[in-house]
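Number of protein chains: 2
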Amino acid sequence: MAGTEDITPEQVEREQAVYGPFTDVVRELVDATIRTRIDDAEARTIQDELAAIVARMRTRQLDGAYAVNNRGRHWGNTVVGLRNAVAPPLHIDRESTGRVWSSFHLGAAYEGPPGLVHGGVSALVLDQLLGEASGAGGRPGMTASLTLTYRRATPLGDLRGEAWIERTEGIKTWARGHLSDAEGITVEAEGLFILPRWAREAAESTPPTFE
Amino acid sequence: MAGTEDITPEQVEREQAVYGPFTDVVRELVDATIRTRIDDAEARTIQDELAAIVARMRTRQLDGAYAVNNRGRHWGNTVVGLRNAVAPPLHIDRESTGRVWSSFHLGAAYEGPPGLVHGGVSALVLDQLLGEASGAGGRPGMTASLTLTYRRATPLGDLRGEAWIERTEGIKTWARGHLSDAEGITVEAEGLFILPRWAREAAESTPPTFE
């Protein structure tokens, strides 16, 4: 297992250059799998081709999930992960005050009701944004509670999210945020983030890399 | 665009037989994209092969997302979608009382902190379960609000979720639920689900198929 300690900045950059574009193609494939109308015979042929590709990729792979093997890099993260085709992915901008924001696109893979973003996907994205706001403000934490208020339906397409720190008290950080489309806010969120004991102990030996 | 009206039960069954296994292979590819350690040259070769496959699949495809084109079928849904490789997918059992439950596995694609389920993924899954409970009880609705309480970290791996209707009042349904691992409950949720006006009007002409 290669930890962050064992890898040079050049290796990180090289992996990024390879797996950024690679994962974008896998995202395209996920979208095409939902939307394609090719005939069944062609679909079966492609399924066999994909199975063969997966077998080649699995000849040498991490034992387990990404962050377990690469602490400090979030490339496996479900919302922002460079190597995770489940992630849109979000590119999040941040200020040290704890304000974070992101513009992103949600396509067919994020559908709940017809043409609309799945309510749980809005929760997923907002959990990440509020957590990053907490981290950007210098107090990284895990979600202790999260409340979503759905003002109206969020359409699939181009969206924006932002979050900020509302207040802090010891190891607790309260953050707020929202998603919006071109017409305004669609979903609001507030959350409490707490740095758990195991993370506090780890933070004493090595500073968190996600600040 | 082929609506549910235009398609026979045999066609639905055939599509299921083709795209169930197909999408499972795409899920494997998503996992392998996170975890593979093949050399860079092989990764670039595979990227080109995948791009060619995507191009073949896109020669004939739906214009837009899945449920827009196939009302009543949830195969594009982010949590339960048969054709959506973002979805684990969850297979949800239900009783007409509104109790629903599901056993499922979350792998590398659902990671937040190292080795743990992303807090937002727990929210995503619970939103679907509470919404399905509301629907199973005869009152399908969209999420109006959702509150998650994280009791402890949820490990990646085999998990279980359940949800039930707490109470109803007119078009409003309050549902509750939780996720658990082998040791017990990790995340609790409560939500309010409301059938929006556009869905009520649609329901008057055609009964919702997700009851």
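Chains as they are written, first to last, in the working numbering: chain P, 96 to 306; chain Y, 96 to 306. Think of the CB as a built atom: it goes at the ideal place given N, C-alpha and C, for glycine as much as any other residue.
Residue contact check for A231 of chain Y against chain P: no CB pair falls below 7 Å. Taking 7 Å as the threshold, the shortest C-beta distance from I280 of chain Y to chain P does not fall below it. A112 of chain P and V125 of chain P have their C-alpha atoms roughly 21 Å apart. Inter-segment contact for the region 223-230 of chain P and the region 222-233 of chain Y is absent: fewer than three beta-carbon pairs are separated by less than 8 Å. For the beta strand (DSSP E) assignment, the uninterrupted runs of no fewer than 3 residues enclosed by the region 199-282 of chain Y are, from N- to C-terminal side, 237-245, 252-264 and 267-276.
For the region 231-255 of chain P, the beta-carbon criterion of a distance under 8 Å to any beta-carbon of chain Y is satisfied by M237, T238, A239, S240, L241, T242, L243, T244, Y245, A248 and L251. Shown in chain order are the members of the region 146-170 of chain Y whose Cβ falls below 8 Å from a Cβ of chain P: A146, I148, V149, R151, M152, R153, T154, R155, Q156, L157, G159, A160, Y161, A162, V163, R166 and W170. Close partners of Q223 of chain Y in chain P (Cβ separation under 9 Å): G207, H213, G214 and G215. The beta carbon of G214 of chain P sits closer than 7 Å to the beta carbons of G207 and Y245 from its chain, once the five residues preceding and following it are set aside; these are given in chain order.
For I141 of chain P, the enclosing alpha helix (DSSP H) starts and ends at D135 to M152.
The straight-line gap separating the alpha-carbon atoms of E108 of chain P and R292 of chain Y is approximately 50 Å.
Under the 8 Å Cβ criterion, the region 151-165 of chain Y does not count as touching the region 169-179 of chain P, having fewer than three qualifying pairs. The DSSP-derived three-state label of E285 of chain P is strand. Under the three-state reduction of DSSP output, D188 of chain Y falls in the strand class. Not one beta carbon of chain P lies nearer than 7 Å to the beta carbon of E190 of chain Y. Note on geometry: alpha-carbon atoms of G202 of chain Y and V220 of chain Y lie some 14 Å from one another. For P116 of chain P, the C-beta contacts it makes with chain Y under 8 Å involve Q142, in order along the chain. Flagged as an interface residue toward chain Y: I129 of chain P, by a C-beta distance shorter than 7 Å. The beta carbon of L211 of chain Y is closer than 8 Å to those of A248, T249, P250 and L251 in its chain, skipping five residues each way along the sequence.
As the crow flies, the alpha-carbon of G176 of chain P is around 20 Å from that of I141 of chain Y. Beta-bridge analysis with DSSP links T131 of chain Y to P:Q156.
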